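Here the protein sequences line up with chains A and B, keeping their order.
All you need for the working numbering is the position in the first sequence, starting with 1, plus 405.
All you need for the working numbering is the position in the second sequence, starting with 1, plus 405.
Only one structure is covered here, and it is reproduced in the block below.
Number of protein chains: 2
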Amino acid sequence: MSAPRSSDDSRMARPLRHAKTWVSSEGVDLENGGRVEEVTVCYETWGELNSAGDNAVLICHALSGDSHVARHDADDDAGWWEILVGPGRAIDPERFFVICSNVLGGCRGTTGPNFIDPESGRRFGADFPVVTVGDMVEVQRRLLDHLDIECLSAVVGGSLGGLQALEWAIRAPHRVNAAVVIAAAPRLSSQGIAFDVVGRNAIRHDPSFASGQYYEAAGPEAGLALARMLAHVTYLSDESMRAKFDPTRLQPRSIETGFESTFSVGSYLAYQGDRFVERFDANSYITLSTAMDLFDLGETDGKVRASLASATCRWLFLSFSSDWLYPPSASKQLADALMARSCSVTRCVIESSAGHDSFLLEEGMRQGGRMVSSFLSRPDGRDQGARAAHEPRSNPATNIFHAQRLDYQLIFRLMPKGASVVDLGCGNGELLTILRDRGHRPLLGVEWDAEEVVACVENGLSVIHADLDQGLASIPDRSFDVALLSQTLQSIVDVGGILDEIVRIGRRGIVSFPNFAHAPMREMFAREGRLPKGEGPYEYEWHDTPNRRFPSILDFQDLCDHRQLRILEAIYVDSRTGEEVVQDPNLKADLAVFALAR
Amino acid sequence: MSAPRSSDDSRMARPLRHAKTWVSSEGVDLENGGRVEEVTVCYETWGELNSAGDNAVLICHALSGDSHVARHDADDDAGWWEILVGPGRAIDPERFFVICSNVLGGCRGTTGPNFIDPESGRRFGADFPVVTVGDMVEVQRRLLDHLDIECLSAVVGGSLGGLQALEWAIRAPHRVNAAVVIAAAPRLSSQGIAFDVVGRNAIRHDPSFASGQYYEAAGPEAGLALARMLAHVTYLSDESMRAKFDPTRLQPRSIETGFESTFSVGSYLAYQGDRFVERFDANSYITLSTAMDLFDLGETDGKVRASLASATCRWLFLSFSSDWLYPPSASKQLADALMARSCSVTRCVIESSAGHDSFLLEEGMRQGGRMVSSFLSRPDGRDQGARAAHEPRSNPATNIFHAQRLDYQLIFRLMPKGASVVDLGCGNGELLTILRDRGHRPLLGVEWDAEEVVACVENGLSVIHADLDQGLASIPDRSFDVALLSQTLQSIVDVGGILDEIVRIGRRGIVSFPNFAHAPMREMFAREGRLPKGEGPYEYEWHDTPNRRFPSILDFQDLCDHRQLRILEAIYVDSRTGEEVVQDPNLKADLAVFALAR
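Written out as structure tokens, the structure reads:
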């Protein structure tokens, strides 16, 4: 029989007033060996399961979190993810049945090292078996069975919670429609593991650790505080610490602590360490941080792909520019692996100075919340081109420009009916939403501007936040009917490279661009000796144009020839008249659209 | 009376066989209060002081270093900076009289916490007073007096040693001709201090620390090992740890240790920690890491400038791309502060994956050694344009190109005799070395390519490793007679911005560029409808040219007009004939050189 820690334990944090407890009497065989005979699960819920049973969202907490995601009423304590969960928030209990449970191995109500080991009759302590993220998910799965939830609308988590979301999609693909994976990775970096190892060594080498059987005494408070201080540094960023502590370097907060507080950052860490030991159990800390370190979808891209082979849900990956613990590159590796398997993936790197902790903060989750909200609003069907539940974002300026974009009409003429399309440099997804209306799917956008990426997600589109000049290797061969480069060619550094890519990832590449050899341009240059300048949106000065390349129709044809690209069709237009140009288009047309193939 | 630790102390590392000891009987009043009555200094020397007494090089060691920089003979133990110091190395005892002493507060022979406190009759322990980098330098200054060295040819150091080099130049400007500051900063980041704080807390909270009086017992071995493990992570880089540990993550080295060794990185750190306690004293670790954290030339650029106001020597700043403890941006802040005061500064960021430790490794110091060698070879005169002791680097390809560079001749015509010059985008310094031969000085180069920067230093030039598109704010107003932009304009993104800058930092700006409106270019474009292409070194294809901008003479004149830049003189040439063009240069000249002013 297991039992929670006694409530008079001074190390126990405030009780969770709305928490429920369920006991799984069936034992759990753990991944790394060992078994827990009976599991108590502490969880909270918000909202109601609808009659179709398809509005459940499981939230997975991070290392030091618990089931208390958000307040249940005005009198309740604030939860740890109020910025994302609650009335009017991205995950709104009015709409979703929200569940969060304390993880296996934790110390906030679910079976962990502070429970009584039925075999020995004393607390598990350091004898608590090694727990993996997979074991945590197994326990959550049983809870969902108990709650009669067959399939989750979404599983959502950041950090250790993001690892759980990944594990859910791998272990139980039929039970997850969508996964929101925030600030996570296929595996923690060796640097990250190193910090965890030092933290665990600090706990274990605190003599009060007493081989983990400290529950009747003071406990390894110094060791746990050291581990927390160290981990806390990895949750922040160099930039945010600079802003917070540099101006008052030698003016520490006056606090009572046994730790060094010469420097302001030292007093801050001392405070964080001292507070942490009041609410967290050292054995749980060792258990959960070890689970993070053991989580491993593989070292290489190939192994990560293989690990994710069973996953079928649609995905939203969010990472933060200043997160060095689970950096954007790690999130990209996950997204790339799933894209390689043609999964429906959206990925965005959010600009934030707050480091790994961004996922808990307004600074990081302002854009993040908008994306989670829109992503969850999409119908559960896995068609990434399906219409968004709400109307696409629209603004007058965009619509005026829209009317000017004659090239859309030309692109439609070259595009097979209902073809799947990837739009490279898709902006806010304007063209993709039109293609969606015309019945094309699946659709994917690639865009470099973060705010445009958010707009795409708000328009219900799948989109990858990426620099076209960094390559498209993550998109597999021939994974779309059409790869589109609409008025983007002139901003590309490696023009030849991108042309090779579009005919690799698309069965057909479609490229539209302004013809810089159009007669007025040539005349201007020849007569005036000034660099030619386009009109309308292309009216830049020679010294500040964002354009990198100045293609003419002839130059483009030569390049295709040189790279052995077949020109399937071409349309040339004088956009001032809207008429097609047949004779001498390089002189007479200012707009060209080509369909290419290898 | 102070005395070194007993030699039978098992925590003492191997004795330094060639170390000498000198006792300064005059007490030292310390910067942060407190006094040490008598200071024992342990030091080593290599080579001989020459008769002029001007070949002394002081090497300053880092936190865990000692006086043993290099072996004294074949039988000797290897020193910690063999890659830089020794026969045939950058700092060659054949040429220089090399000195290195253990720092005040250390544990390798110089007075520190393990010495007997004459007042109490027991070891200082934690009662050893707070020591600053300034105090360390004060003790070194006395040693130099003792050695009859009036002025150092150079002071050289990395990390904590770099801070000492900075302090030398500030405190005793008349005693330092040159400073080589490697992997240092005006102040450690708050993130860096945070790691140090956690390390010191680990030592002090080890019960065996016994308030610092542990010398008769086992000592705080676990705490010191933890501090070392943590610090060690900050000396490496994410990238180098990935390479070292990722492929064998769960295959730890089999070692005997009391620390966790589940992960390969864990066993590595355990080994590092265990070895460190065998050779280092915990109280010294606290003393020296606190000195690093207290070193502070100011938070803002203005304060850093003020702190460096007394310095007059010439400077070489080296930093490493992957160093996140003392990152390149911190080295840049130092160099910028000195440039603002028109000091002679050379700065280079060396590409290395080895993190902060790069300064101790072949990977980091291959280019670094070449630069230190050339930098030290310059005559001690402070004229940054003085001829290098060895011949400028030269290669046939460069010389052929040289002959083609007609624009040099035109530039010389627009350049006041003997004018000081900054060359923006200076390449390997070819033009600057010619200007040096023509009597121009001082001279400074700015270049983005690291290998070209090394070549400049090898050519005896001062050079700043910087991206012109990142701005030139560090160069003060009117600090050169001429700011030169030779055939570089076409690679600049913000053309207007750079033109503003050259007439700010130079009394006169000189700009040479290829005229893209030259008749053959216009004809090609008008007749063929293909983007014009230059000749020789400008013969790029439209789709892969590194050029960002395509200036014509008229466009350039318009821009100058628009930005209110005065054109003082202009020369236009047809480079095929070598003749000057007077009529319609925008059509007939392919090369233009302008002299500008605000």
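Ideal placement from N, C-alpha and C gives every residue a C-beta, glycine not left out.
Note that this is a predicted model, so its numbers are computed, not measured.
Quick one: Cα of residue i to Cα of residue j, how far?
i, j, result
"Gly987 (chain B)", "Gly844 (chain B)", "Residue identity check: residue 987 (chain B) is Val in the sequence provided, not Gly. Straight-line Cα distance between these residues: approximately 30 Å."
"Gln545 (chain B)", "Ala878 (chain A)", "57 Å"
"Glu767 (chain B)", "Ile488 (chain B)", "7 Å"
"Pro691 (chain B)", "Gly526 (chain B)", "Correcting the residue type first, residue 691 (chain B) is Ile in the shown sequence and not Pro. C-alpha separation (whole angstroms): 22 Å."
"Ala599 (chain A)", "Met634 (chain B)", "8 Å"
"Glu626 (chain A)", "Met744 (chain A)", "45 Å"
"Leu992 (chain B)", "Glu944 (chain A)", "24 Å"
"Arg912 (chain B)", "Leu889 (chain B)", "11 Å"
"Trp853 (chain B)", "Asp741 (chain A)", "32 Å"
"Asp686 (chain B)", "Cys512 (chain B)", "6 Å"
"Ser779 (chain A)", "Asp828 (chain A)", "20 Å"
"Ala924 (chain B)", "Glu984 (chain B)", "15 Å"
"His610 (chain B)", "Gly628 (chain B)", "7 Å"
"Thr516 (chain B)", "Gly510 (chain B)", "6 Å"
"Asp788 (chain A)", "Arg841 (chain A)", "Only weak support is given to the placement of Asp788 (chain A): the predicted model assigns it a pLDDT of 39, under 50, and the value that follows is read from those uncertain coordinates. Asp788 (chain A) and Arg841 (chain A): Cα-Cα distance of roughly 11 Å."
"Asp872 (chain B)", "Leu819 (chain A)", "43 Å"
"Leu849 (chain A)", "Trp720 (chain A)", "13 Å"
"His637 (chain B)", "Glu453 (chain B)", "36 Å"
Starting from residue i, trace the beta strand (DSSP E) in both directions and tell me its first and last residue.
i, result
"Trp720 (chain B)", "Arg719 to Phe725"
"Cys861 (chain B)", "Not the beta strand (DSSP E): Cys861 (chain B) falls in the alpha helix (DSSP H), residues Ala855 to Glu863."
"Trp451 (chain A)", "Val444 to Trp451"
"Glu852 (chain B)", "Leu848 to Glu852"
"Asp979 (chain B)", "Arg971 to Asp979"
On the criterion of 16 or more Cβ atoms from any shown chain inside 10 Å, does residue i qualify as buried, or is it exposed?
i, result
"Ala584 (chain B)", "buried"
"Pro733 (chain A)", "buried"
"Gln875 (chain B)", "exposed"
"Arg798 (chain B)", "For Arg798 (chain B), the pLDDT reaches just 42, beneath the cut-off of 50, and the residue's location in the model is therefore unreliable, although a value from the coordinates is still provided. When all chains shown are included, Arg798 (chain B) counts as buried."
"Arg592 (chain B)", "buried"
"His551 (chain A)", "exposed"
"Gln814 (chain B)", "exposed"
Counting along the chain, where does the alpha helix (DSSP H) carrying residue i start and finish?
i, result
"Arg818 (chain B)", "Leu811 to Arg818"
"Val682 (chain B)", "Ser669 to Arg684"
"Gly844 (chain A)", "No alpha helix (DSSP H) contains Gly844 (chain A), which DSSP labels as neither H nor E."
"Tyr690 (chain B)", "Ala687 to Leu699"
"Pro733 (chain A)", "Pro733 to Ala745"
"Lys708 (chain B)", "Asp706 to Ser712"
Measure from the C-beta of residue i to each C-beta in chain A and report whether the shortest distance is under 8 Å.
i, result
"Asp643 (chain B)", "yes"
"Pro612 (chain B)", "yes"
"Asp540 (chain B)", "no"
"Glu835 (chain B)", "no"
"Asn991 (chain B)", "yes"
Interface residues of chain A around residue i at Cβ under 8 Å?
i, result
"Arg927 (chain B)", "Phe930, Ala931 and Gly934"
For residue i, which residues in chain B fall below 9 Å Cβ to Cβ?
i, result
"Trp573 (chain A)", "Going along chain B, no residue has its Cβ under 9 Å from Trp573 (chain A), so there is no contact; the nearest lies around 24 Å."
Should residue i be flagged as near chain B, meaning a C-beta pair shorter than 8 Å?
i, result
"Gly901 (chain A)", "yes"
"Ser957 (chain A)", "yes"
"Gly876 (chain A)", "no"
"Ala627 (chain A)", "yes"
"Pro518 (chain A)", "no"
"Glu436 (chain A)", "no"
For a contact defined as C-beta to C-beta under 7 Å, what are the partners of residue i on chain B?
i, result
"Gln596 (chain A)", "Val638, Asp643 and Met646"
Which residues in chain A have a C-beta closer than 9 Å to the C-beta of residue i? List them in chain order.
i, result
"Leu873 (chain B)", "Neighbours of Leu873 (chain B) on chain A: none; closest Cβ ~14 Å, over 9 Å."
"Ala599 (chain B)", "Met634, Leu635, His637, Val638, Leu641, Met646, Phe650, Phe668, Val670, Gly671, Tyr673 and Leu674"
Which residues in chain E sit within 7 Å of residue i, going by Cβ to Cβ distance?
i, result
"His948 (chain A)", "The chain labelled as chain E is not found among the protein chains of the depicted structure, namely A and B."
So which residues of chain B does residue i contact, with C-beta pairs closer than 8 Å?
i, result
"Phe725 (chain A)", "Simply none; closest approach about 16 Å."
"Phe999 (chain A)", "Correct list: empty, because the minimum Cβ distance to chain B is about 14 Å."
Taking C-beta pairs closer than 7 Å, name the residues in chain A that residue i reaches, listed in chain order.
i, result
"Phe664 (chain B)", "Asn606"
CB of residue i to nearest heavy atom of the ligand FAD: below 7 Å?
i, result
"Leu766 (chain A)", "Absence of the ligand FAD is noted for the structure shown, with no ligands found whatsoever."
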